[in-house]
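Numbering of the sequence shown is given in my numbering, commencing with residue 98 and proceeding in unit increments. Even glycine gets a Cβ: it sits at the ideal position worked out from N, Cα and C. Everything below concerns the one structure shown next.
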Amino acid sequence: MTNKTSAYNLLWVAPRVMPRVQPIRDKTLENILHIASQNRSTDVRLWVDSKRLTPKQKKWVEARVIGPNLRPLDLRSIPEYVAEPLYQRPDLNGAWRSGYDSIIWKQVDAARILAALQGDYQQSFYSDADITNLKVNSEEVQKRMRTFGMLLGCTEYHSFENQLFAFAKEKRELFKKLYLATLRSIKQENKDNGFLEFRRFFYSEEARKNDNLFVAKYDGSQAGFK
C-alpha cells in the first residue's frame, strides 16, 4: 500500500487496557471492511494505540483488519504522539461513553488530526467508523477537493462536525495549525474535548462554505467494546 495517492484514516483507541473484551465490535469491524471495499484505490489505515491493547487483542486486530488496501497502524509509531503527555493518560472513567469531557474524547479529537497528517499523500481523509458514505473517488467528493482543497463533514442541517474531514496536500499546513490549536485548546479548557476548537478554527479561517460541506451518513453504531 505504498503507490496510492490518497489515504483514508480511521481511529480506534480504547480508553484504557480492557483485557476481557473484544477490541473492536463486530459492527464496527464490518464498517471498516466496508470502507476499505468501497475505496479500493485508497490506502485505508486503522490507527490504534498498541499500549492499550493486550498482546492477544493486538493479534485479533492484525488478523481481521487486513486487506489489499487495508491495514492497522500504531499511533505509537508517530514521534509526536509518543512525546505528547496528553496521550499517555488512561481514561479511568467508568462512564466514559456518555461523559464527553472524559480524557479519551480529548485524546481522540487530537489524535485523529495527527493520524491524518501522516504520510506523503496528495489527499488525506478521516472519518469515524460509523460513517458509511464517504467514497473518495466520487465526483461529490472530488469536486470539493478540486475547488477548495478540503472538505468538512456536516449533518443534514449543515452543522459541521469533526467526525469527517479531508485535505489536499496544499492544505496540509492548515491542518497542522489545526492540530496545534486543538492541543492548546484541550490543555487550556478542561471541558473542551477538541470539537469546539475545530468549529472555532474553521470559522476564524473562513473555511466553512456550504459548497465545501459533505453530509455524513451515520449507521447508528457507537464507539464501544464487546
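Endpoints, alpha helix (DSSP H) assigned at residue 289: Reading the sequence shown from its first residue, position 192 is the one you call residue 289. No alpha helix (DSSP H) holds residue 289; DSSP gives it neither H nor E.
From 200, 160, 142, residue whose alpha carbon lies closest to that of residue 111: Here residue 111 corresponds to residue number 14 of the sequence shown, with the count starting at 1. The option with the nearest alpha carbon to residue 111 is 200.
Helix, strand or coil at residue 258 according to DSSP, with G and I counted as helix: In the sequence shown, the residue the question calls residue 258 occupies position 161. Note: residue 258 maps to strand in three-state DSSP.
Length of the line joining the Cα atoms of residue 113 and residue 209: Here residue 113 refers to the residue found at position 16 of the sequence shown. Here residue 209 refers to the residue found at position 112 of the sequence shown. If you take the alpha carbons of residue 113 and residue 209, they lie about 17 Å apart.
Inter-residue Cα distance where the pair is residue 149 and residue 172: If you number the sequence shown from 1, residue 149 lands on position 52. If you number the sequence shown from 1, residue 172 lands on position 75. Rounded to the nearest angstrom, the gap between the Cα atoms of residue 149 and residue 172 is 11 Å.
Cut-off 7 Å between Cβ atoms - residues of its own chain near residue 274, not counting five sequence neighbours on either side: Sequence index remark: in the sequence shown, residue 274 carries index 177 (1-based). Correct list: empty, nothing qualifies.
Alpha-carbon spacing of residue 136 relative to residue 216, whole angstroms: As a first step, residue 136 is located in the sequence shown; it is residue number 39 there, counting from the start. As a first step, residue 216 is located in the sequence shown; it is residue number 119 there, counting from the start. Looking at the two C-alpha atoms, the distance is approximately 18 Å.
CA nearest to the CA of residue 179, picked from 167, 212, 165: To locate residue 179, count along the sequence shown from 1; it is residue 82. Closest option to residue 179, Cα to Cα, is 212.
Cβ neighbours of residue 234 in the same chain (closer than 7 Å, five flanking residues each side left out): Position 137 of the sequence shown, counting from 1, holds the residue named residue 234. Only 138 meet the Cβ criterion.
Reduced DSSP secondary structure (H/G/I, E/B, other) of residue 225: By 1-based counting over the sequence shown, the position of residue 225 is 128. DSSP places residue 225 in coil when its eight states are reduced to three.
N-terminal and C-terminal residue of the alpha helix (DSSP H) that residue 134 is part of: Your numbering for residue 134 matches position 37 in the sequence shown. Counting along the chain, the alpha helix (DSSP H) containing residue 134 begins and ends at 123-134.
Exposed unless 16 or more other CB atoms sit within 10 angstroms - verdict on residue 203: Within the sequence shown, residue 203 is the residue found at index 106, counting from 1. Looking at its Cβ environment, which holds 16 or more other Cβ atoms inside 10 Å, residue 203 is buried.
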